[in-house]
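Chains as they are written, first to last, in our numbering: chain A, 125 to 442; chain B, 3 to 250.
Where a beta carbon is used, it is the ideal one built from N, C-alpha and C, also for glycine.
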Amino acid sequence: MAVVIFIETQNGKASKTGLELLSYGRSIAEATSASLIAVIFSDSDTQELTDHGADVIYTVDTATDSNFNLERYSATLSEICALEKATIVVVSSSSEGRYLGPSLAVKTGATYLSNAVALPTTYNPLTVKQSCFTNKGFAISESMSSCTVLSLSSNAFGIHPQPGRGEVKTYPYASTKSKLEVTKVEHAQESISIADADIVVSGGRGLKGPEHWHLIEDLASTLGAATACSKPVSDLGWRPHSEHVGQTGKPVASNLYIAIGISGAIQHLAGINASKVKVVINNDPEAPFFKAADYGIVGDAFEVVPRLIEKLKALKKA
Amino acid sequence: MKILVCISCVPDTTTKINFTADQKEFDTQGVQYIINPNDEFGLTRAIRLQQSHGAHVTVVTVGEVSCEQILRKCLAIGADAAVRIDAHPNDGYFVAKQLEAICIKQPFDLIITGRESIDYNGGMVGGMLATLMQLPYVTQCVGLEINGDQALMQREIDGGNEHSKANLPVVIGAQKGLVEEKDLIIPNMRGIMQARQKPLLVEAPLTIEAKSQIEFYEKPKPRGPVTLFDPSDVDGLLNALQNQAKVL
Ligand SMILES: Cc1cc2nc3c(=O)[nH]c(=O)nc-3n(C[C@H](O)[C@H](O)[C@H](O)COP(=O)(O)OP(=O)(O)OC[C@H]3O[C@@H](n4cnc5c(N)ncnc54)[C@H](O)[C@@H]3O)c2cc1C
Chain A
125 MAVVIFIETQ NGKASKTGLE LLSYGRSIAE ATSASLIAVI FSDSDTQELT DHGADVIYTV
185 DTATDSNFNL ERYSATLSEI CALEKATIVV VSSSSEGRYL GPSLAVKTGA TYLSNAVALP
245 TTYNPLTVKQ SCFTNKGFAI SESMSSCTVL SLSSNAFGIH PQPGRGEVKT YPYASTKSKL
305 EVTKVEHAQE SISIADADIV VSGGRGLKGP EHWHLIEDLA STLGAATACS KPVSDLGWRP
365 HSEHVGQTGK PVASNLYIAI GISGAIQHLA GINASKVKVV INNDPEAPFF KAADYGIVGD
425 AFEVVPRLIE KLKALKKA
Chain B
3 MKILVCISCV PDTTTKINFT ADQKEFDTQG VQYIINPNDE FGLTRAIRLQ QSHGAHVTVV
63 TVGEVSCEQI LRKCLAIGAD AAVRIDAHPN DGYFVAKQLE AICIKQPFDL IITGRESIDY
123 NGGMVGGMLA TLMQLPYVTQ CVGLEINGDQ ALMQREIDGG NEHSKANLPV VIGAQKGLVE
183 EKDLIIPNMR GIMQARQKPL LVEAPLTIEA KSQIEFYEKP KPRGPVTLFD PSDVDGLLNA
243 LQNQAKVL
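In structure tokens:
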């Protein structure tokens, strides 16, 4: 019996979500007396994976293929799953994990359950709580196959280092010929992505126009946060679509979400509700966001935000 | 060129989500249904290809008779034909298998699904269908051009965009950005009239087993009231974030 984890990489190193998946997998491995197998498509340092719970680490050298390749990654992983007799496979809810999961489930004949928010409650059959209706509800679902691929909602479990055996093996990259040819990858300069960020600073129509976005950007850079926006802000072209969060945009599950000049429409809240702590700054005390937030300031963003930036900079210096 | 757009009927985005008293089912009372927003971006792209490339656009849904009004809306928006596979969409795998059957019977050059549906958020139908049919797949698709028998696509990745190409047929997972919000087509009277004449076929489903089932539902826990600070007291807020919430 084995629990297999797909470790995403960032600049060749295991990503933070990868370490969270290991912590989650470690708990499952303990509960089911299974071994915890980490698969990483990189030749990076494996010590970190051992420290976070991996019993066996497969490193896969992708050589010239520097981009995520759905067909070859899922072919490689499905071979490893068969070899290790995997009963549970865990991927993240990032764009890679959710791209890979369904394909891997079909290849291995497994059930796919997305957006798991907790450890399985039973293992035979496997049942697990998933978020659904964009965080407006949860479904407790049962898998009806002997193997299940789970995608874990980011930040749902946390990182709890606990060492595993750490046996390192190499595995060949599947030679499957890919039907899809990647021609170019564009990366936004240096910005922190919403998916990875611990803190997200988000601006709405209350900021009046793109010329005021330095407030959001300054606050975000002071906090080491990602920037985001409400839907109308991206529809109006004030900010790129990639920053649009909510039910029809990107999901946010950060530790801290700061909403500035955002009213808190149901479609916006649905997408950001999985964030742990929510702060709202809005000059309208009746704004619905105040009902969904943990902390708030009823006030003018143009006064409050510069004050926040100033205080934070002072705190950092101290 | 033949395009298939897979449509999911989902509760309107403003719906208050409730479950039946025994927590076993989603309470559909008073719920309005809409075209899943991600699918609507895909449908709009398909209609543009109909206009520019003379493509024939079929919409399909796996669902009960109540979904037909949504298919009629798709026809009014401009789709040429609609198919309803007469089954409750038990899980994503079940839906993908039903769609595969349609695609085997009647080959398509381009298959468009949504990135995910806004009800169960599975994000799995497109990827499963592509894998079952061994076709290239691009999800979170924010760009699609057809050049001869090639598809040029863009996938939104965390912090950027990935450009790729593949020979048709391909499967994509549509989302906002594939077309702009302002380009979404609102059916006009003529479209609605024409839709009545267009074919809406009902097909029997394949008998296959779903791979998962929902045991019961839960609602999120009600949250405590907000703690407010005076606009002059940003220190109070920062102190709470540092020492109480411990997120700074
Ligand atoms: C099908 C559908 C899907 C949707 N999906 C999404 C989605 O994914 N994400 C999303 O965000 N929205 C979505 N929406 C739109 C949503 O309904 C709201 O229209 C939108 O979230 C409002 O954006 P906003 O809060 O920025 O703007 P507004 O609602 O205009 O709110 C602006 C707020 O700023 C405040 N304000 C004004 N001036 C100041 C100031 N000086 N200082 C402080 N505060 C100020 C105002 O009090 C107000 O509360 C969707 C809608 C539909 C119909």
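- Under the three-pair Cβ rule at 8 Å, the stretch 171–191 of chain A does not count as touching the stretch 211–222 of chain A.
- For the C-beta of Ile181 (chain A), not a single chain B residue is nearer than 9 Å; the gap to the nearest is close to 24 Å.
- Of the candidates A:Ala398, A:Ala350, A:Gly420 and A:Gly328, the residue whose Cα lies closest to the Cα of Ser387 (chain A) is A:Gly328.
- Under the 10 Å beta carbon count, Gly373 (chain A) is surrounded by 16 or more other beta carbons and is classified as buried.
- With a 10 Å radius around the Cβ and a threshold of 16 neighbouring Cβ atoms, Asp24 (chain B) comes out exposed.
- Taking a beta-carbon distance threshold of 8 Å, Leu343 (chain A) does not count as an interface residue toward chain B.
- At a threshold of 7 Å, Asn379 (chain A) does not count as near ligand 1, since its beta carbon sits no closer than that to any of the ligand's heavy atoms.
- Between Thr46 (chain B) and Ser354 (chain A), the alpha-carbon positions lie close to 22 Å from each other.
- Shown in chain order are the members of the stretch 251–262 of chain A whose Cβ falls below 9 Å from a Cβ of chain B: Thr251, Lys253, Gln254, Ser255, Cys256, Phe257, Thr258, Asn259, Lys260, Gly261 and Phe262.
- Of all residues in the stretch 381–395 of chain A, those with a C-beta nearer than 7 Å to a C-beta of chain B are Ile390 and Gln391, reading in chain order.
- For Val404 (chain A), the enclosing beta strand (DSSP E) covers residues Val401 to Asn406.
- Judged by DSSP in its simplified three-state form, Gly65 (chain B) adopts coil rather than helix or strand.
- Per DSSP, the continuous beta strand (DSSP E) segment holding Pro13 (chain B) begins and ends at Cys11 to Pro13.
- Cβ contact annotation for Asp418 (chain A) (same chain, cutoff 8 Å, sequence separation greater than five): Val401, Lys402 and Val403, in chain order.
- Per DSSP, reduced to three states, the secondary structure at Cys143 (chain B) is strand.
- Not a single CB atom of chain B sits nearer than 8 Å to the CB of Pro412 (chain A).
- Leu101 (chain B) sits close to Leu131 (chain B), with the two beta carbons spaced by under 8 Å.
- Thr200 (chain A) and Pro287 (chain A) do not touch by the CB rule: their CB atoms are close to 26 Å apart, not below 8 Å.
- With a cut-off of 7 Å, the C-beta of Gly385 (chain A) is classified as near ligand 1, since at least one heavy atom of the ligand falls inside that distance.
- A direct Cα-Cα distance of roughly 15 Å separates Tyr219 (chain B) from Leu237 (chain A).
- Per DSSP, reduced to three states, the secondary structure at Gly149 (chain A) is helical.
- In this structure the stretch 112–130 of chain B touches the stretch 87–100 of chain B; the number of beta carbon pairs closer than 8 Å is three or more.
- DSSP places Ala263 (chain A) in the uninterrupted beta strand (DSSP E) bounded by Gly261 to Ser267.
- Counting only runs of 3+ residues, the beta strand (DSSP E) found wholly inside the stretch 312–392 of chain A occupies 323–327, 350–353 and 380–384, in chain order.
- Judged by their CB atoms, Ala425 (chain A) and Leu304 (chain A) are not nearer to each other than the 8 Å cut-off.
- Chain A has no Cβ within less than 8 Å of the Cβ of Met135 (chain B).
- Contact between the stretch 272–289 of chain A and the stretch 161–178 of chain A is present: three or more C-beta pairs spanning the two stretches fall below 8 Å.
- Between the alpha carbons of Leu186 (chain B) and Gln177 (chain B) lies a gap of roughly 12 Å.
- Note that the stretch 76–85 of chain B touches the stretch 187–198 of chain B; at least 3 beta-carbon pairs, one per stretch, sit closer than 8 Å.
- Taking CB atoms only, Pro224 (chain B) has no neighbour in chain A less than 8 Å away.
- For Ser166 (chain B), a Cβ of chain A is located within less than 8 Å of the residue's own Cβ.
- Asp189 (chain A) has a beta carbon lying at 8 Å or more from every beta carbon in chain B.
- As computed with DSSP, Lys99 (chain B) is found in no beta bridge at all.
- Put simply, the CB of Tyr247 (chain A) is far from chain B, with every gap to its CB atoms at 8 Å or more.
- Contact residues of the stretch 108–130 of chain B toward chain A are Ile120, Asp121, Tyr122, Asn123, Gly124, Gly125, Met126, Gly129 and Met130 (C-beta to C-beta distance below 7 Å).
- Chain A places no beta carbon closer than 8 Å to that of Lys26 (chain B), leaving this residue out of the contacts.
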